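**Q** No gaps in the numbering here: position 172 of the sequence shown is 172 in full-length UniProt numbering, and each next residue is one more.
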Amino acid sequence: MGFQAEVKQLLHLMIHSLYSNKEIFLRELVSNASDACDKLRFEAIDNPALLEGGADLQIKVSYDKEARTITISDNGIGLSHEEAVANLGTIARSGTKEFFSQLSGDKQKDAQLIGQFGVGFYSSFIVADKVTVESRRAGVAANEGVRWTSEGQGDFTIETIEKESRGTDITLHLRADEDEFLSHWKLSEILRRYSDHISLPVLMQKEEYDSEKSEMVKQDEWEAVNQASALWIRNKSDITDEQYKEFYKHVSHDFEDPLAWTHNRVEGRSEYTQLLYIPKRAPFDLWDRDGKRGVKLYVKRVFIMDEAEQLLPSYLRFVRGVIDSSDLPLNVSREILQESRDVRSIREGSVKRVLSLLENMAENKPEDYATFWAEFGQVLKEGTGEDPSNLERIAKLMRFASTHTDEPLQNVSLADYISRMKEGQDRIYYVVADSFNAAKNSPHLEIFRKKGIEVLLLSERVDEWMMSHFREFEGKQLVSVSKGGLDLAELADEAEKKKQEEVAESFKPLVERLKEVLKDKVKDVNVTLRLVDSPACVVVGQNELSPHLLRMLQAAGQETPDFKPVLEINPEHAIIARIQAAEGDEFADWANVLLDQALLAEGAQIADPAAFVRRMNALLLKSV
1 MGFQAEVKQL LHLMIHSLYS NKEIFLRELV SNASDACDKL RFEAIDNPAL LEGGADLQIK
61 VSYDKEARTI TISDNGIGLS HEEAVANLGT IARSGTKEFF SQLSGDKQKD AQLIGQFGVG
121 FYSSFIVADK VTVESRRAGV AANEGVRWTS EGQGDFTIET IEKESRGTDI TLHLRADEDE
181 FLSHWKLSEI LRRYSDHISL PVLMQKEEYD SEKSEMVKQD EWEAVNQASA LWIRNKSDIT
241 DEQYKEFYKH VSHDFEDPLA WTHNRVEGRS EYTQLLYIPK RAPFDLWDRD GKRGVKLYVK
301 RVFIMDEAEQ LLPSYLRFVR GVIDSSDLPL NVSREILQES RDVRSIREGS VKRVLSLLEN
361 MAENKPEDYA TFWAEFGQVL KEGTGEDPSN LERIAKLMRF ASTHTDEPLQ NVSLADYISR
421 MKEGQDRIYY VVADSFNAAK NSPHLEIFRK KGIEVLLLSE RVDEWMMSHF REFEGKQLVS
481 VSKGGLDLAE LADEAEKKKQ EEVAESFKPL VERLKEVLKD KVKDVNVTLR LVDSPACVVV
541 GQNELSPHLL RMLQAAGQET PDFKPVLEIN PEHAIIARIQ AAEGDEFADW ANVLLDQALL
601 AEGAQIADPA AFVRRMNALL LKSV
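#1: Give the DSSP-derived three-state secondary structure of Phe156 in the structure shown.
#2: In this structure, does DSSP put Thr171 in helix, strand or coil?
#3: Quick one: give me the first and last residue of the alpha helix (DSSP H) that Leu276 is part of.
#4: Please decide whether Tyr430 counts as near chain B, where near means a Cβ-Cβ distance under 8 Å.
#5: If Val131 and Ser150 are in contact, beta carbons under 8 Å, what's the gap, nearest whole angstrom?
#6: Hey, Leu595 and Leu518 are a contact pair by Cβ (cut 8 Å); roughly how many whole angstroms apart?
#7: Under a three-way DSSP split, which group does Thr384 fall into?
#8: How would you label Thr240, buried or exposed, when you count the other beta carbons within 10 angstroms and need 16 or more for buried?
#9: Tell me the DSSP bridge mates of Lys60?
#10: Taking all protein chains shown into account, decide if Gly78 is buried (16 or more other Cβ within 10 angstroms of its Cβ) or exposed.
#11: Look at Val295 and Leu330 and say whether their C-beta atoms are less than 8 Å apart.
#12: Determine the direct distance from the alpha carbon of Gly154 to that of Gly2, and round the result to whole angstroms.
#13: Suppose the cutoff is 8 Å on Cβ atoms and the five residues either side in sequence are ignored; what does the same chain contact list for Ile198 look like?
#14: Do you know offhand how far Glu386's Cα is from Arg317's?
#15: Please report the distance separating the alpha-carbon of Leu337 from that of Ala308.
#16: State the Cα-Cα distance for the pair Asp520 and Asp608, rounded to the nearest angstrom.
#17: Just reading off the alpha helix (DSSP H) that residue 664 is part of, what are its end residues?
#18: Quick check: the Cα distance between His573 and Ile447, rounded to an integer number of angstroms?
#19: How would you write the range of the beta strand (DSSP E) that residue 662 sits in, first residue to last?
#20: Curious, which full-length beta strand (DSSP E) runs of at least 3 residues does the region 409 to 433 contain?
#21: Provide the residue span of the alpha helix (DSSP H) that contains Tyr315, from first to last.
#22: Does the beta-carbon distance from Val540 to Lys483 come in below 8 Å?
#23: From Ala92 to Asn570, what distance separates their C-alpha atoms?
#24: With distances taken from CA atoms, which of Glu215, Glu367, Ser211 is nearest Ser183?
#25: Exposed or buried, what is Val613 when buried is set at 16 or more other beta-carbons lying within 10 Å of its beta-carbon?
#26: Identify the residues that DSSP records as bridge partners of Gly145: which are they?
#27: Counting only the same chain and skipping the five closest in sequence on each side, list residues whose C-beta sits under 8 Å from that of Leu311.
#28: Is the separation between the beta-carbon of Arg427 and that of Gln477 shorter than 8 Å?
#29: Could you tell me which residues DSSP pairs with Gly2 in its beta bridges?
#30: Looking only at its own chain, which residues have a Cβ that is under 7 Å from the Cβ of Asp74, when we skip the five neighbours before and after it?
#31: Since Ser123 and Ile170 are thought to touch, with beta carbons under 8 Å apart, how far apart are those beta carbons, to the nearest angstrom?
#32: Is the distance from the Cβ of Leu40 to the Cβ of Leu50 below 8 Å?
#33: With a cut-off of 8 Å, do at least 3 Cβ pairs link the region 136 to 150 to the region 158 to 166?
#34: Grab the span of the alpha helix (DSSP H) containing Tyr248 for me, first residue to last.
#35: Which same chain residues end up closer than 6 Å to Glu83 when comparing Cβ atoms and leaving out the 5 residues on each side of it in sequence?
#36: Straight-line CA distance for Lys622 to Phe372?
Right, dumping it as structure tokens:
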């Protein structure tokens, strides 16, 4: 059978890019063996017959110097013929194409991408030029075993075999230059470093020195080379940072270290232990609606399920780790999790722990927090609508770009903004646009720049939705500068207010003429002092959909209401003076061009681009 195209690319990358970190193959294979044993233990809760042949779950690692092979064996759930084809011949994971589209050919950068994606079984080919997998699923007959063989090129061979015991044996036929792994000392050292946290015993044959042969000789006895106790139940003082990091790589299948973690035992109405991690990089399926989310759930150290999404809200879906409950039943299902009072208590407690972890990182490790925000900030913003009970804490964690700097970096907190507010200012101003540059150059910012008032620049897809749920922070209202009815009185002195009234009165005739020409395209026409360099802008009502949100809905195929903005004109602009002097068709052309320009400045689509060009050309010719 042939490999899926993506697998071929991944195997090539494995062989040629990860040579500097070869030993991770053993960590990945032992981690997979541990998962297989966990899954058997879980399925055996409802079907104890699956444990026939032995309930003591374990992993064995052995090597053969003469044959130049390493074998990793487990007595876990095993694979059927169909599962071997599906799991070993394809990558059944969303985001695969995006992953490969980002490969650059730079070995170091590509290795980091692999870390985000997770590789598992395929890491075997880093050190092996041939891999043989023999497996039998628990509960099926001995003659229904399966053998899978591949040299890591374009295809693999699969056949039915006789296998007496359930579980999986993976045999690696090492490449010519990988003899360093044919050593008890080397393998046990790797296992202690990478797999000490695994709750199952990882066994190797004892070896003793034979003075007659002047070499180490294998004994019949097998011994555990890891502690074989769940890391999360140990005392925090007994666990090193390195052990925490390796456990993260085990539960997340990530190659990189985590940014931070929190480890706690909670006692009271609900008793549970949580070991939760913040990754350094976002996975490729972070925005995939069908992607699985959540942490691993254990009950009294018995594995229950992966991706228990009920234990954390969607806006914390980037969190990885383990929650071990003392109260839930062993046969708990996803449906029961949705109704359980204990689960609600665990969820609330876990949210508080994660937010506390992020708050601590933001305060004490700002560089790490900047990394977190760049990767997961858009996801955390979803919490403004999903978790109103923690809205204030989430708001303090948010970071924005602003007019305080020309850089697109999102490093301004709301507390930073408030500390720089002008005397008498009691509102937090923001603008939403399609991109940072569009937000930075929005005509709505002109009066704020003139007055030296900071405005937050929002340009991510989630921002418009976020601001519909996020109206106030520490008693200060958040106000969009692109909405009509914006009260600029607090920004103006008495002389400016008086001037504004006089100007509005003197421009009434022009406003009425513009209303007449544009009556089918705009809701109203007003004079404004919010503009400095632009002749006009469009605004919408406080409770109406913005042009930005309308475009997003239209792009998603949603029906949208008719869009009629309010046109606001700058009475001090030379073009407005030119329009006042125009008559007849020329005035109509000027009015329509003025509106279309204002819409284009907002990033909106104009209804008739050809008519806009025709009018613009006619006006240019007259000006010449």
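Positions of the beta carbon are idealized from the N, C-alpha and C atoms, including for glycine.
Since the structure is predicted, the reported quantities are computational estimates derived from the model, not experimental observations.
**A** The short version:
#1: strand
#2: strand
#3: No alpha helix (DSSP H) holds Leu276; the beta strand (DSSP E) holding it covers 272 to 278.
#4: The structure shown contains no chain B, having only a single protein chain.
#5: 6 Å
#6: 6 Å
#7: helix
#8: exposed
#9: Ser73, Leu203
#10: buried
#11: no
#12: 6 Å
#13: Val30, Ser31, Ser34, Ile59, Asn226, Ala228, His250
#14: 12 Å
#15: 9 Å
#16: 14 Å
#17: Residue numbering for the chain in the displayed model covers 1 to 624; residue 664 lies beyond these limits and cannot be assessed.
#18: 14 Å
#19: Because the chain is modelled from 1 through 624, residue 662 falls outside the range shown and cannot be assessed.
#20: 427 to 432
#21: Per DSSP, Tyr315 belongs to no alpha helix (DSSP H) and is neither H nor E.
#22: yes
#23: With a pLDDT of 45 at Ala92, under the threshold of 50, the modelled position of that residue is not reliable, and the figure given next carries that caveat. Going by the C-alpha atoms only, they are around 57 Å apart.
#24: Glu215
#25: exposed
#26: Ile161
#27: Gly294, Val295, Leu297, Ile323, Leu337, Val343, Ile346, Arg347, Ser350
#28: yes
#29: Asp155
#30: Ala33, Ala36, Cys37, Ile59, Gly167, Thr168
#31: Going by Cβ atoms, the distance from Ser123 to Ile170 rounds to 11 Å, so no, they are not a contact pair.
#32: yes
#33: yes
#34: 241 to 252
#35: none
#36: 56 Å
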